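Numbering (UniProt numbering), first residue to last: 1 to 186. Cβ atoms here follow ideal geometry from the backbone N, Cα and C, with glycine treated the same way. None of these values were measured; they are calculated from a predicted model. Below you'll find the structure, written out as structure tokens, and then a few comments.
Shown next as structure tokens:
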């Protein structure tokens, strides 16, 4: 790995009293790790940005996993970038105040690309915290990708659908698009 870029301002944060086997340490690949639990006290999770359910590890390795010699030919889509993790969701929920703080810190730390791997219910852009945070990031030259939707009452709905967000999602096997996408109601 190349040295961490000079513009990088992030750090790895662990709360006081974190057990040694649960700490998150920065290295040449993981250059930042922060956690946010201002709105809730989590149960069933580590109390820092360490991944307890595998979602962060999965999304990070898909995006930026390095080739490991003598094990596999598999690697992430862009295998040489640095990773910073901003834990904003817990076993219990994802709180807007934590999402906003994580996005703000990612922008201020100097990320180049932001992957927001969560998606909620449909919301009006002017009050949706992911849409607002993504817009602030794009204004500063940061490319933002996000899950199209992680759950919901109906198939075919996309949340995080603002024009400035690169939306990622699963589709059917035949990859057939059955509906037209409408940018503005006319």
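By DSSP, does residue i sit in helix, in strand, or in coil?
| i | result |
| --- | --- |
| residue 31 | strand |
| residue 86 | strand |
| residue 165 | coil |
Excluding the 5 residues preceding and the 5 following residue i in the sequence, name in chain order all residues of the same chain whose CB lies nearer than 8 angstroms to its CB.
| i | result |
| --- | --- |
| residue 4 | 28, 31, 82 |
| residue 9 | 108, 109, 110 |
| residue 67 | 73, 74, 75, 79 |
| residue 134 | 103, 114, 116, 144, 146, 160, 162, 164, 165 |
Within a Cβ cutoff of 6 angstroms, which residues of the same chain sit near residue i, ignoring the five residues on either side of it in sequence?
| i | result |
| --- | --- |
| residue 13 | 34 |
| residue 26 | 12 |
| residue 117 | 59, 147 |
| residue 86 | 34, 102, 106 |
Along the chain, where does the beta strand (DSSP E) that runs through residue i open and close?
| i | result |
| --- | --- |
| residue 144 | 143–147 |
| residue 113 | 113–116 |
Could you pull out every residue in the same chain whose Cβ sits closer than 7 angstroms to the Cβ of residue i, ignoring the five residues on either side in sequence?
| i | result |
| --- | --- |
| residue 138 | 144, 164 |
| residue 251 | The question about residue 251 has no answer here: the residues shown for the chain are numbered 1 through 186. |
Along the chain, where does the alpha helix (DSSP H) containing residue i start, and where does it finish?
| i | result |
| --- | --- |
| residue 191 | Residue 191 falls outside the range modelled here, since the chain spans only 1 to 186, and no answer is possible. |
| residue 18 | Element bounds for residue 18: n/a, residue is neither H nor E. |
| residue 133 | 129–139 |
On the premise that residue j lies in contact with residue i, defined as a C-beta separation below 8 angstroms, what is that separation, rounded to the nearest angstrom?
| i | j | result |
| --- | --- | --- |
| residue 98 | residue 38 | 6 angstroms |
| residue 115 | residue 63 | 6 angstroms |
| residue 168 | residue 147 | 6 angstroms |
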